[in-house]
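Number of protein chains: 2
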Amino acid sequence: MRLLLLSNSTNAGEGYLAWPEPHIRAFLGEGPKRIFFVPFAGLRASWDEYAQRVRERFSAMGHALQAAQETRTPLTLAAEAEVLVVGGGNSFQLMKELHETGLAPLIRERVRAGIPYVGWSAGSNVACPTIRTTNDMPVVETPSLSAMGLVPFQINPHFTDAHPPGHAGETRTERLLEFLEANPAATVVGLPEGTALRREEERLSLIGSKPARLFRKGLAPRDLWPDEDLSFLLDS
Amino acid sequence: MRLLLLSNSTNAGEGYLAWPEPHIRAFLGEGPKRIFFVPFAGLRASWDEYAQRVRERFSAMGHALQAAQETRTPLTLAAEAEVLVVGGGNSFQLMKELHETGLAPLIRERVRAGIPYVGWSAGSNVACPTIRTTNDMPVVETPSLSAMGLVPFQINPHFTDAHPPGHAGETRTERLLEFLEANPAATVVGLPEGTALRREEERLSLIGSKPARLFRKGLAPRDLWPDEDLSFLLDS
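Protein chains in written order, with our numbering: chain A, 3 to 238; chain B, 3 to 238.
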């Protein structure tokens, strides 16, 4: 399997999809690719607007992109595409649509067969076994929290230790420790903004200049570094 | 209906259930009451530990408290209690247990019949039509996001505008605007820490020294103040 799972599309104060661009270029390689894009996580802009924004960025990298809502036969389009890209937004809305359209099993099957997958934020959440480590609000009912399971561990995108001073609500780390109480066999990777995980078959590595944070029940959270071989996470 | 819906149990740096104590005392009135407590939202401490902590605080106010897990017949205990109290923690875990134990319909029925209800954080989320405006991570599957509907609007507890500098993830307000895109007929009250809503039959008011924030689709968010009559929200 070939995966590029980004924490986020855009760092604060930077251009849209700017920080990931060199990593997406390196991941997709030379030559124009036909990309199938899933904008279902988008809620505050229309899917057409969302797709247009993403198309502009991928066009600049030399690729042609069609979005799921631009065709009456998204399953056919997805089945014929050379790359599958799933954008961020709300993970519940995204998973609901992936279930209802039948795209979830198709994407899983194609990625398992070797088609490259790029996701950011919610698009990284749905590559995990479940969306139980999303930061998103459950604004719609999804038939199940189960997701596509392209990796055997959970990702928490936009991971941060920052917490507003004087705020008593749970920190991100506290929320992930709650997740481990309820899911004691699970592994979670907290992926800070500006980082990504790249899977090349049975090899996994961290991209970016910051460490990610590994959470397992009963073990102290520890940092994972970009020069570290993270392939052991594929056995989790 | 008589409801006291608190944003949070405890302000940063203060004692457990300290800020709400005068409001709980005023709400419950004179004379010892038999309280039924629901600790199901707790994940990082045991339900027994959680109940003990809450019992100490309510004992100090002169009331006797029994928790749902302390009896083999929680439905009977809840049916006979004089006050129903639902504590905070994880809203998904709480709603799952409320559904599975059958306590959700019983609590709703008793509160509609006039039994006072006190909830904080997740305990306020489940008093709303759904838990779709929780801040909690979906760490377990709940059969449905539907909740007890003791008020016709949604509460966002621990509401804050604060956002870590340099963090690109969604602000709380952005998440609530996403909720309204997906649920355009809904009304949301963002309830900052240290505030609560008190319902006395068809009258609703805000408690605390800070404004709450009202969100409706197509309208600019606006502040709600403690001296304001908020009863119009009961028609929403």
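Backbone N, C-alpha and C define an ideal beta-carbon position, used for all residues, glycine too. All values derive from a computational prediction rather than experimental measurement.
Rounded to the nearest angstrom, how far is the Cβ of residue i from that of residue j, given a contact under 8 Å?
i: B:A124; j: B:N92; result: 6 Å
i: B:L96; j: B:F42; result: 5 Å
i: B:V190; j: B:L199; result: Contact doesn't hold; Cβ gap of about 12 Å is too wide.
i: B:I133; j: B:L147; result: 5 Å
i: B:P131; j: B:P154; result: 7 Å
i: B:F29; j: B:V87; result: Their Cβ separation, rounded to whole angstroms, is 11 Å, which puts B:F29 and B:V87 out of contact at 8 Å.
i: A:V113; j: A:Y119; result: 5 Å
i: B:P166; j: A:T136; result: Incorrect: roughly 18 Å between the Cβ atoms, too far for contact.
i: A:R36; j: A:E84; result: 5 Å
Counting along the chain, where does the beta strand (DSSP E) carrying residue i start and finish?
i: B:T189; result: 189-194
i: A:R36; result: 36-40
i: B:E183; result: Run containing B:E183: none in the beta strand (DSSP E); it sits in the alpha helix (DSSP H), 174-184.
i: A:P159; result: 156-161
i: B:A214; result: 214-218
i: B:H226; result: The residue you asked about is not His; residue 226 of chain B is Leu in the sequence shown. Run containing B:L226: 224-226, per the beta strand (DSSP E) assignment.
Which residues in the same chain have their Cβ closer than 8 Å to the Cβ of residue i, if we skip the five residues on either side of it in sequence?
i: B:L77; result: T103, G104, L105, L108
i: B:N13; result: A20, W21, E195, G196
i: B:R110; result: M150, G151, L152
i: B:M243; result: This structure cannot speak to residue 243 of chain B, because chain B is shown only from 3 to 238.
i: B:S11; result: Y18, L19, P22, G89, G90, W122, S123
Could you have a look at residue i and say whether DSSP puts it in helix, strand or coil?
i: A:V87; result: strand
i: A:R46; result: coil
i: B:D66; result: Looking at the sequence itself, residue 66 of chain B is Ala, so the reference to Asp does not match. Correct three-state label for B:A66: strand.
i: B:E2; result: What is shown of chain B runs 3 to 238, which leaves residue 2 of chain B out entirely.
i: A:L5; result: strand
i: A:S207; result: strand
i: A:S11; result: coil
i: B:S148; result: strand
i: B:V56; result: helix
i: B:D237; result: helix
i: B:E51; result: helix
i: B:E230; result: coil
i: A:E72; result: helix
From what residue to what residue does the alpha helix (DSSP H) around residue i run?
i: A:R27; result: 23-30
i: A:T78; result: 76-82
Short of 6 Å in beta carbon distance, which residues of its chain neighbour residue i, apart from the five on each side in sequence? Order them along the chain.
i: B:Q71; result: W49
i: A:P159; result: S9, S123, S126, L193
i: A:A69; result: F39, P41, A53
i: A:P223; result: R215, F217
With a threshold of 7 Å (Cβ to nearest heavy atom), would residue i be considered close to the ligand HEM?
i: B:I209; result: Ligands displayed in this structure: none; no statement on the ligand HEM is therefore possible.
Excluding five sequence neighbours on each side, which residues of the same chain lie with their C-beta closer than 7 Å to the C-beta of residue i?
i: A:K219; result: L182, P186
i: B:R57; result: L67
i: B:R201; result: M3, R4, L5, V153
i: A:S233; result: E204, R205, L206
i: B:K212; result: P194, G196, T197
i: B:G64; result: P34
Report the start-end ranges of each beta strand (DSSP E) in the segment 94-142 of chain A that is 3 residues or longer and not cut off at the edges.
Fully enclosed beta strand (DSSP E) runs of no fewer than 3 residues occupy 119-122 of the segment 94-142 of chain A, in order along the chain.
Mind checking the segment 170-189 of chain B against chain E and listing, in chain order, the residues whose C-beta falls within less than 7 Å of any C-beta there?
As a matter of chain content, chain E is missing from the structure shown, whose protein chains are A and B.
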